Structures are given as C-alpha cells and as structure tokens.
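S.K.: At position 210 of the sequence shown the residue is numbered 239 (our numbering), and the sequence of numbers has no breaks. Where is the CB? At the ideal position from N, CA and C, for every residue including glycine. Model, not experiment: these values are computed from the prediction. Take a look at this one; I'll ask things after.
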Amino acid sequence: MDADGFEALLDRARIHACEYLRRQPDRHVGARASRAELLDVLRAPLTEQGEEGGSVLDLLASQGDRGAVASGSPRYFGFVIGGACPVALAADWLAASWDQNAGIYATSPLASVIEEVAGGWLLDLFDLPRESEVGFVTGCQMASFTCLAAARHNVLRRAGWDVEADGLCGAPRVNVVVSAESHVTIDVALRYLGLGTRALHRVETDVQGRMRLDRLRELLATLDGPTIVCAQAGNVNSGAFDALRGIGGLARGHGAWLHVDGAFGLWARASRTHGALADGIELADSWATDAHKWLNVPYDCGVAIVRHAGDHRAAMTSAAAYLIQTGGAERDAVDWVPEFSRRARGVPVYATLRTLGRDGIGELVDRGCACARLIAELLAAEEGVRVLNEVVLNQVLVRFGDDDEATRAVVAAVQRDGTCWLSGTAWHGMAAMRISVSNWATSEPDARRSAAAIAHAWRSRGRRFHSRGP
Ligand SMILES: *Cc1c(COP(=O)(O)O)cnc(C)c1O
C-alpha cells in the first residue's frame, strides 16, 4: 500500500457511494438479502496474503443495494432514524480523512475547537443556558448516560457523598423518577450507573403518553433526599412532550435534578412553529439529544448537554500522568464524555449547522412535521383507519380496523411492498403502525405516495383479516 493508493481507493469509494445514493430514493426501502445470502457472498477464509483493496471495496459495494436497509430513503419511516444530508456526509468523509483522536486538545486542536464552536451553536439554537457544557457522544443512549452521571454526582454531592471516590456502596439512596413511557435507554443508562431499575418511581402517563403532572406532584411529596427526575421531549411513539414547565417547577421546588430525553424532540426548539411544545425545557439541568436523527448527520452522533459544568466534569474527567491537559481555555473532550479516544464526531454537526443556519434547521423540522400531518390526514380519511395520537410533531400512530391482527398484517404488507418502510408498536395496549418522519429529503410527494401505498395495503390485505373478526 502506498500513498497514491488513497486517491485510487477514495475515488472508487466515491463512485460506489454516489451510485448507492443515486439509487436510494427509488429502490425497495427494505433490505432484500437474507443472512444466508449475505454470508454466502461475504464470508470467506481470511487469506494469508490479503487481497487487493479495490476488489474488496467492489465486493462490499456490490452488496449494498440488497443487504442494506435504505434508511436514508425519503420514504423510510421506521423507528426514528434520519438520513444523512449531503454536507453532513461530505464533512464526515473529511473527518475520517483527518482521522483525529479528538480525546484531548493536544491530540487535535482542530477537533477541539470545532466541537467547542458547534456546542455553542447548539446552545443558541436550542436556547439553553449558555453556561452549559456540551459533549458529543455516540447517541442519545450515551448522552443520557453522561447527563445522568453528572446528575448522580450532583445529588450525592449535595447529600455529602462523593460518588466518584466512594462509589455507591453505603451511599444515600437516590430516588429516580421516570415517566411510565420513558425510553428504554433511560433505564439502561440508570443500570450502567448502578442505580438499577427495580426501584424506579414510574409516573403514570396521560392518553398522549405525557407524564401526569398531578401524579408527579403527589409522588415528590412522598420523597426525601437526593432525587433525579427524567422527563421527555418527544415520546418515542406519539411524539408528545411532557409538560416541561410544570415539571421544571416541581423539580426545582423539590431540589431535584431534572434530566430531559429530547432525542428528536429537542429539535422542535429550532422551529418557530413547533418550539412552544418544548416550553420550559430550559428549566432542566441536563438534556440528551441526537444529531444522527433529525439533524441528519451520519451515524453515530448524540449530544449531552449539562448546565452544571463542575458536576459534568467531575463525573467524566480522566487524568493520567502522560496526558497533556492544558487546564486553560483549551477544551479536552475527555472532560465531558465517557470515551477516551474518540473520533471527531462534532465535525459533521458543525458543517450541517453552518450550512443550514437557523432557518434551514427550522424548515427541516417543520417539513418533517408537515409530512407527518399529511400522512395522518390522508390515512384518517380511509374507512376503518384510525390515527391514535395527536400528531404534534413527526410521529404518527395508526390502527387498522380497530384490530391488532389487521394492523400487524398491514404493517407487514407495507414492508413487503417497499414503497416505504415503517414498523409496528404497541400503544396503550393496542397494536399500532408507527410512522416517524425525520429524513431531510422527505417531501410532500413522498408523503402522498407513502400514504397511498399504506392505504392500498389496508384495502387489499388488511381487510381480509378484519372481516374475519367479530
Ligand atoms: C432514539 C431514542 C433514544 C436513543 O437514542 P440512540 O441515539 O439510539 O442512542 C432515546 N430516547 C428517545 C426518545 C429516542 O427516540
């Protein structure tokens, strides 16, 4: 391998990538190759001599169309995934070329400063306290882990306990309050932090999946000592926002730390029309969000934001004799994230924020919400189809024939058809189809075409199941 090899291989990768991206909007949205087929092509004995890099790239590229899910397609509505907008993908390539270890300032002044600036822009965009610190992590799971580690440090410090030095054995008990519908990753983060999940206080939710304020008030009145409350901006099924201003007031009154999971919902703050949903979110102590969902940067990129720098740093920092940490204005990422060595994942965030600007990001959010509303309206007009949630953001829950089996059959039929892709969920005891619009490229025609494909699947397949019902 020589230095010239870069150019030939990168050109080859560019051609393959462009081919994939060109086809993506029109191809079947699901993966079509089975595990057996993929293994058949990809599994080979590891050779002694190695193979030519270009042929290896060709082999990988040849499987992209069949083995990959077109999750960057404008009609991919599964989970909450998001695509990669062009400048984000291009900046990610640049970051990969630089191959910086963004762990400390000394290993990459460039990455450090880019992330410092991008973090500041995010605080402006979300209008969160400007003294907050921002860490770029792999996803919202790790963002919540980071924020809740700072929370654990803070509430125990105030109870006279140094959890970083003394651990949790013998520590005062921490009350952790979550929503009955909080995302599973909150539970996982609490597990990683040794807080466990059995003793969580789960607050009942309302019909839209919002934490009930009256129940939270009653619960807090019964709790003493260190307390962490986890609220959410954007229920993963309905998109509903907890009453953040009310929750913020209650948490403050109780002296509790308030953490908000805003994996996709925090982006509503960038929109003039949808920002009010997150009213009061600035009262929290920490916020977790994703850039790889609605900002449409490539995987993997989440953001941890913590108001209290001292607690954030105490929970995360690493110090070792051989590390050169300046202790000055220069920013070492190790102080704010769990990773030690890490890639410069703030680079595509910087490029995307700078390219889109506030208006562009607001439009990105509004466009997704408008498409979600349009799909909901078109489907609700079909006989036997019911939209289960108030479509306040980008999430739509749909039920067919008021029947679990019919609903699952329609989801399966839509997935097979491949015009669009979405998944099923369970919503308040019922099977539902779950549609999430979070791709930068989804347009009104995509929404119409997808709604038509879903309606067709219901008319031609789902009703057969329905007609068998009581
Ligand atoms: C996606 C999601 C998460 C987890 O984020 P990852 O980026 O997958 O780690 C957490 N909370 C909500 C509400 C989500 O939608």
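Can Q237 be considered in contact with ligand 1, in the sense that its beta carbon sits closer than 6 Å to one or more heavy atoms?
M.R.: No - ligand 1 has no heavy atom lying nearer than 6 Å to the Cβ of Q237.
S.K.: Can you grab the Cα-Cα spacing for the pair L306 / Q78, in whole Å?
M.R.: Rounded to the nearest angstrom, the two C-alpha atoms are 59 Å apart.
S.K.: Considering just the uninterrupted stretch of the beta strand (DSSP E) at C400, what are its terminal residues?
M.R.: Element bounds for C400: not the beta strand (DSSP E) but the alpha helix (DSSP H), G375 to A409.
S.K.: Spatial neighbours of L86 within its chain, please: C-beta separation below 8 Å, excluding the five flanking residues on both sides.
M.R.: Same-chain partners within the cutoff: L38, R41, A42 and H45.
S.K.: Output the boundary residues of the beta strand (DSSP E) element that contains S91.
M.R.: Element bounds for S91: not the beta strand (DSSP E) but the alpha helix (DSSP H), G82 to G96.
S.K.: Using 10 angstroms around the beta-carbon of C176, count the other beta-carbons present and answer buried if the total reaches 16, otherwise exposed.
M.R.: Label assigned to C176: buried.
S.K.: Between the C-alpha atoms of V163 and A73, what's the straight-line distance to the nearest angstrom?
M.R.: Near 43 Å, if we compare the C-alpha coordinates of A73 and V163.
S.K.: Between the Cα of I133 and those of S141, R64 and L422, spot the shortest distance and give me the residue it belongs to.
M.R.: Of the candidates S141, R64 and L422, the one whose C-alpha sits nearest the C-alpha of I133 is S141.
S.K.: Just the C-alpha distance for L68 and E247, rounded to the nearest angstrom, thanks.
M.R.: Each residue's Cα considered, the two are about 55 Å apart.
S.K.: What does a CB cutoff of less than 7 Å around E145 pick up in its chain, not counting 5 residues either side in sequence?
M.R.: Once the five neighbours on either side are set aside, the close Cβ partners of E145 are R360.
S.K.: Sorry if obvious, but does the Cβ on Q424 come closer than 6 Å to a heavy atom of ligand 1?
M.R.: It does not: the Cβ of Q424 is nowhere closer than 6 Å to a heavy atom of ligand 1.
S.K.: Confirm the yes/no value for this check: CB of A399, any heavy atom of ligand 1, distance under 6 Å.
M.R.: Checking every heavy atom of ligand 1 against the Cβ of A399, none is found closer than 6 Å.
S.K.: By alpha-carbon positions, which one of C169, D308 and W286 ends up nearest to R181?
M.R.: The shortest Cα separation from R181 among C169, D308 and W286 belongs to W286.
S.K.: Look up M240 in the DSSP assignment and give the residues it is bridged to.
M.R.: Per DSSP, T234.
S.K.: Let me know if P474 comes out buried or exposed under the rule of 16 or more other beta-carbons within 10 Å of its beta-carbon.
M.R.: P474 should be labelled exposed.
S.K.: Leaving out five residues before and five after A484 in sequence, what residues of the same chain have Cβ atoms less than 6 Å from its Cβ?
M.R.: Hits under 6 Å: E411.
S.K.: Any idea what DSSP makes of L157, helix, strand or coil?
M.R.: Note: L157 maps to coil in three-state DSSP.
S.K.: With H, G and I counted as helix, E and B as strand and the rest as coil, what does DSSP make of C169?
M.R.: Correct three-state label for C169: helix.
S.K.: Sorted by chain position, which residues of the same chain lie with C-beta nearer than 7 Å to L118's C-beta, five sequence neighbours on each side aside?
M.R.: Cβ neighbours of L118 beyond the five flanking positions: P327.
S.K.: Below 7 Å between beta carbons: does that hold for D340 and A317?
M.R.: Result no, Cβ atoms of D340 and A317 do not sit closer than 7 Å.
S.K.: Does any heavy atom of ligand 1 sit closer than 6 Å to the C-beta of H303?
M.R.: No, Cβ of H303 sits at least 6 Å from all heavy atoms of ligand 1.
S.K.: May I ask which residues mark the beginning and end of the beta strand (DSSP E) holding D433?
M.R.: Counting along the chain, D433 falls outside any beta strand (DSSP E), though it belongs to the alpha helix (DSSP H) covering D433 to D446.
S.K.: My understanding is that G375 touches F165, with C-beta atoms under 8 Å, so please give their C-beta distance in whole angstroms.
M.R.: G375 to F165, Cβ: 4 Å. Contact.
S.K.: Going by CA-CA distance only, name the one from G148, T384 and R396 that's closest to A297.
M.R.: Per the Cα distances, R396.
S.K.: Ignore the nearest five residues each way along the sequence and tell me which others in A172's own chain have a CB closer than 7 Å to its CB.
M.R.: Result list for A172: V166, A317, T318, G331, V332 and A333, in chain order.
S.K.: Could you check which residue in R239, V236, Q237 and L252 has the C-alpha nearest to that of A228?
M.R.: When each option's Cα is compared against that of A228, the closest is L252.
S.K.: Looking at P103 and A470, is the spacing between their C-beta atoms short of 7 Å?
M.R.: Against a cut-off of 7 Å, the Cβ pair of P103 and A470 comes out as a contact.
S.K.: Identify, in the order they occur along the chain, each residue of the same chain with its Cβ nearer than 6 Å to the Cβ of D235, setting aside the five sequence neighbours on each side.
M.R.: R241, listed in sequence order.
S.K.: Which value, in whole angstroms, describes the spacing of the CA atoms of E48 and K322?
M.R.: In a straight line, the C-alpha of E48 is about 23 Å away from that of K322.
S.K.: If you reduce the DSSP assignment to three classes, tell me which class H288 lands in.
M.R.: Looking at H288 - three-state DSSP - the assignment turns out to be strand.
S.K.: Can you find the residues in the same chain that come closer than 7 Å, C-beta to C-beta, to S211, ignoring five residues on each side of it along the sequence?
M.R.: So the qualifying residues of the chain are C259, Q261 and D290.
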